[in-house]
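Here the structure comes first, spelled out in structure tokens, and everything after it is commentary.
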Amino acid sequence: MKRVALLGMPNCGKSSLFNRVTGASARIGNWPGITVDLMRARILLGAHMVEVVDLPGIYDLNGYTEDEQVVRDFLSAQPVDLLIMVINAAQAERQLRLFLQARTLGVPIVVLFNMADEARRLGISIDRDAFTEHTGFSAHSISAKLGDGVPQALAQIGHMLGNTVPSMPSFDALADADLEHALDQLAHQSIDTPVTLSARHTDRIDRAALHPVLGPALFIVAMALVFNAVFLLGAPLQEGIGAAFDWFRGAALVPLLAPLPAWLSGFLIEGIYNGVSTVATFVPLIVLFFFLMALVEDSGYLSRAAFLMDAFMSRIGLDGRSFVMLVMGFGCNVPALMGTRIMRARPLRLLTMLTIPLSLCSARLQVFLFIGAAIFPAVWAPWALLSLYLFSIAAAVLTAWLFRKKFASREPFALELPPYRLPTARHVLLRGWHEVRHFVHRASRFIVAGVALVWLLTHLPVGVDAASTASWAGQIGSWLQPLLSPIGIDAQLTLALLFGFVAKEVMIGAMAVIFGQETSALGDTLAQHMNIAQAYSFMLFTLLYTPCLSTLATLQSESRDWRFTTLAVAWPLALAWGVAWLAYTGLSALAH
Amino acid sequence: MCALSELKTGQDATVVGLRADHDFVQRLHALGVRIGRSVRIIRRGALNGPLQLRIGTTDIMLRHTEAALIDTAETAVRA
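If you read the sequences in order, they're chains A and B.
Per full-length UniProt numbering, the first sequence starts with residue 1, numbered consecutively.
Per full-length UniProt numbering, the second sequence starts with residue 1, numbered consecutively.
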């Protein structure tokens, strides 16, 4: 099989081209020694089966960022038949720099001048014949977004692959290449740029979007729209999927597993199936989130939001993009964590990932709404909830500020502001589809293991009542008492916290089991069980203590670093205890 | 001659020197910021926020600390 890799700078439209060429067949690929996910797909090009690999967009083959290292690692370990060099035609005079580096590698290259439509509107024209004459590499003019010129380019690549042999690029000549002089020469020979560029519609939008006052207001409106759309559209889907899982359990699974011993069917149904189906209800939220994020990202707006928030975020060791993801975390932490992939510097990305689980997600909101209504006087309940949101933001800011030295980012903040573009539906849908498959693939084993563990803890040793104090979970609850009683959390509430580790959504249901009450009568029972200081301490602890299993699985699959994942569990736990202790002690003192 | 961070918004200038370290100079080159190229500050972010720069057909944002490493000379106003 032949192998072809796509190489290009950020904002050259490389992913659009990859999606256009490979469609839904693309998979996340793993390569030995490569630490990030690269998309790959097998397609038929001419007479050859070809594996197409989408390399991360990079500025410099000699560069120092993680993505640039990944590209070098990949190219030095995996033989390729041909490199497809994608260049934004509207910015060819600087993006050709990467081509000048790539041509020293000694691998066949086809150059695709992408976004030909955009370049034409700006009056920029590229003389492909002159380019080929001076460089010896063939070039095509395409629009990956509209599809213009793509079939012709692919046909020629298929033809060229008949004469190629897989070869390992050589990086020997790379460092010595005289880029700046050669770039001027090549640009002079093959690119015609008008002296003055016409005013762009992007400038007009930016006048509002980047306005010191209007800009932030528009940003809040945009985020509120995304946030509400995810939940307005996602919540019914989530309920629908939950109902479908319940129906399947009642109609098929229970009768099917009836012949099995009670403990085994209980484990499979109440343990694995119920746990996994709870997590599966996250999938619609993730799909929607990624559709909307693909829309926002492809439109070019995300870098504007980063521009607006950077001044504040830089003071706590993050940058503008971190803020966008933190806001997304208020919906669901999982897709927000996956969204941090747009960050190039790993320390910055890890620091952002450390703060996201502190965002008060919609699942925690359910718990707080229930407890708030059950225990707080009606006048106080909304303020208690608001204070929890403020604690959530303060915890994220504090965390970033405390760890900003440990995760100090070396990458200077130099970000492109691409022109606004209308995303295509095809690209947005493919993005969402790829992300969901990735989530299910990576997180599934982790989640199954977690729900199995919690079920076993609450049902062993054999013969105990489920989740009773005699069960292992109950015993753990008792052991944890010396730690949790100072913050007003008793053994039964500790058990609820253990369930909350699987998913915060199951906490209320778990409490119903623990207190032996229907969910409807649970509120009164809780009101007798806890005073306000205990309830507020419990809510603060629930807000911060530990991310749910889906979030934890995502932290691990995205960071691929157990030490980081351990920190992301241990630090919020310590913070939760400290904050809950202060609140419990303070409120108890006030009550006396 | 003045640092890019001190340049007036909307004023055309020419890059005459890059005092950044090797890695960052390479990054600036890749973004099109090179000696001899014309550059303009389109706007400044509020509260000492980043600068929006235009070099040719590319817009980028840079923080003050990084823009201070770029020396510029005012380009003569065209009639």
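Glycine included, C-beta positions come from ideal geometry on N, C-alpha and C.
Here the structure is a predicted model, which means the values were calculated and not measured.
Please go through the same chain and pick out, in chain order, the residues whose beta-carbon is closer than 8 Å to the beta-carbon of residue i, but skip the five residues on each side of it.
i: B:A79; result: Low per-residue confidence applies at B:A79: pLDDT is 42, beneath 50, and the placement is therefore not dependable, though the value from the model is reported in the following sentence. Correct list: empty, nothing qualifies.
i: B:Q52; result: I41, I42, R43, R44, G45, D59, I60, M61
i: B:R37; result: T14, V15, I55, G56
i: A:L429; result: F291
Hey, does residue i have any beta-carbon neighbour from chain A nearer than 8 Å?
i: B:A68; result: no
i: B:G56; result: yes
i: B:T72; result: no
i: B:A79; result: A caution first: B:A79 carries a pLDDT of 42, below 50, which makes its placement in the model unreliable, though a value can still be read off. Not closer than 8 Å to any Cβ of chain A, the Cβ of B:A79 fails to qualify, so no.
i: residue 94 of chain B; result: Nothing in the structure corresponds to residue 94 of chain B, since chain B is present only between 1 and 79.
i: B:G17; result: no
i: B:T9; result: no
i: B:L62; result: yes
i: B:A13; result: no
i: B:A3; result: no
i: B:E6; result: no
Could you compute how far the alpha carbon of residue i sits from the alpha carbon of residue j?
i: B:L47; j: A:A311; result: 6 Å
i: A:S143; j: A:Y273; result: 47 Å
i: A:V440; j: A:L552; result: 14 Å
i: A:A24; j: A:F323; result: 31 Å
i: A:L45; j: A:V80; result: 15 Å
i: A:L497; j: A:S392; result: 18 Å
i: A:P169; j: A:I124; result: 32 Å
i: A:A90; j: B:A3; result: 28 Å
i: B:A30; j: A:Y59; result: 6 Å
i: A:R426; j: A:V70; result: 28 Å
i: A:N114; j: A:D67; result: 22 Å
i: A:L365; j: A:L388; result: 9 Å
i: A:V367; j: A:S76; result: 51 Å
i: A:Y160; j: B:G32; result: Note on identity: in this sequence residue 160 of chain A is Met, with Tyr being the wrong assignment. Near 32 Å, if we compare the C-alpha coordinates of B:G32 and A:M160.
i: B:K8; j: B:F24; result: 24 Å
i: A:A222; j: A:L415; result: 21 Å
i: A:L573; j: A:P382; result: 25 Å
i: B:Q26; j: A:Y64; result: 10 Å
For residue i, which residues in the same chain have their Cβ closer than 7 Å to its Cβ, ignoring the five residues on either side in sequence?
i: A:V226; result: L292, V296
i: A:R431; result: F290, A294
How close, in whole Å, do the beta carbons of residue i and residue j come, if the pair is a contact with beta carbons under 8 Å?
i: A:M313; j: A:D319; result: 5 Å
i: A:D148; j: A:A119; result: Incorrect: roughly 12 Å between the Cβ atoms, too far for contact.
i: A:G500; j: A:T542; result: 6 Å
i: A:G271; j: A:A452; result: 6 Å
i: A:T355; j: A:T399; result: 5 Å
i: A:G162; j: A:V86; result: Wrong, their Cβ atoms sit about 22 Å apart, outside the cutoff.
i: A:L587; j: A:A533; result: 4 Å
i: A:F18; j: A:D54; result: 4 Å
i: A:G523; j: A:A374; result: 4 Å
May I ask which residues mark the beginning and end of the beta strand (DSSP E) holding residue i?
i: A:G317; result: From DSSP, A:G317 is part of no beta strand (DSSP E); its letter is neither H nor E.
i: A:S265; result: That residue, A:S265, is in no beta strand (DSSP E); its alpha helix (DSSP H) goes 262-266.
i: A:I142; result: A:I142 -> no beta strand (DSSP E), and no H or E assigned at all.
i: B:R43; result: 38-44
i: B:R54; result: 51-55
Can you check whether the C-beta of residue i is within less than 8 Å of a C-beta belonging to chain B?
i: A:Q189; result: no
i: A:L186; result: no
i: A:Q91; result: yes
i: A:A345; result: no
i: A:G300; result: no
i: A:D54; result: no
i: A:L217; result: One point to set straight first is that residue 217 of chain A is Ala, not Leu, in the sequence displayed. No, A:A217 lies away from the interface with chain B (no Cβ there is under 8 Å from its Cβ).
i: A:F323; result: no
Counting only the same chain and skipping the five closest in sequence on each side, list residues whose C-beta sits under 6 Å from that of residue i.
i: A:A576; result: F541, L544, Y545
i: A:L555; result: T565, A568
i: A:P10; result: G57
i: A:A470; result: V464
So residue i is in the alpha helix (DSSP H); what residue range does that whole segment cover?
i: A:M338; result: 333-339
i: A:F18; result: 14-22
i: A:T554; result: 549-559
i: A:L402; result: 381-403
i: A:E133; result: 128-135
i: residue 593 of chain A; result: Residue numbering for chain A in the displayed model covers 1 to 592; residue 593 of chain A lies beyond these limits and cannot be assessed.
i: A:D73; result: 66-77
i: A:G372; result: 362-375
Counting only Cβ pairs nearer than 9 Å, list the residues of chain C close to residue i.
i: A:N114; result: Note that chain C does not occur in the displayed structure, where the protein chains are A and B.
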